[in-house]
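Everything below concerns the one structure shown next.
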Amino acid sequence: MILKFISKRIKTKEDIYSAMTVTEELANEQEFSIHDVIKMRLATEEACTNSYEYCRAKGMSYFLIKWSATPSLIEITVRQKGKASFPLIEQADVNTGLRGRGIALMVHLMDKVEIRRRKNCVELYMNKWKGE
């Protein structure tokens, strides 16, 4: 049973901050631990920043982010036009820079991360279960 569903267009860096706030507020409403709230907020920032940079480079004006929540589960989906690939390979070198950890970071923060290709779009799906 989905208790809440939110959808938002992301066009600017300020919108990314807004998306992070939506994630935080939704997780707090569902009484997730502060540790999980921080993880979801960071995963939202990383997913949105990656899509924002991709869209800017390709001349696209926005991408979508959607949230759905139950008392025990939050799902976040970032959807952009295009056929971008998201390599899920392990690398020997550890990236210690401010950017570029992407999928590897999100996989570590969230319970499930999937890349879904849809017609002319790519979706990044993430979820977090309460207490896991």
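Under the working numbering, the first residue of the sequence shown carries the number 33, and numbering increases by one thereafter.
Here a beta-carbon is modelled for each residue, glycine too, at the ideal position from N, C-alpha and C.
For residue i and residue j, which I take to be in contact (beta-carbon distance under 8 Å), what is that distance rounded to the nearest angstrom?
i: residue 94; j: residue 114; result: With a Cβ gap of about 13 Å, residue 94 and residue 114 do not count as contacting.
i: residue 62; j: residue 97; result: No, residue 62 and residue 97 are not in contact; Cβ-Cβ is about 17 Å, not under 8 Å.
Helix, strand or coil, according to DSSP, for residue i in the structure here?
i: residue 35; result: coil
i: residue 104; result: coil
i: residue 44; result: coil
Would you call residue i buried or exposed, if buried means 16 or more other Cβ atoms sit within 10 Å of its Cβ?
i: residue 71; result: buried
i: residue 34; result: exposed
i: residue 53; result: exposed
Can you give me the start and stop residues for the alpha helix (DSSP H) that residue i sits inside?
i: residue 83; result: 66-89
i: residue 159; result: Not the alpha helix (DSSP H): residue 159 falls in the beta strand (DSSP E), residues 153-161.
i: residue 94; result: Residue 94 -> no alpha helix (DSSP H), and no H or E assigned at all.
Over what stretch of residues does the beta strand (DSSP E) that includes residue i continue unbroken?
i: residue 146; result: 144-150
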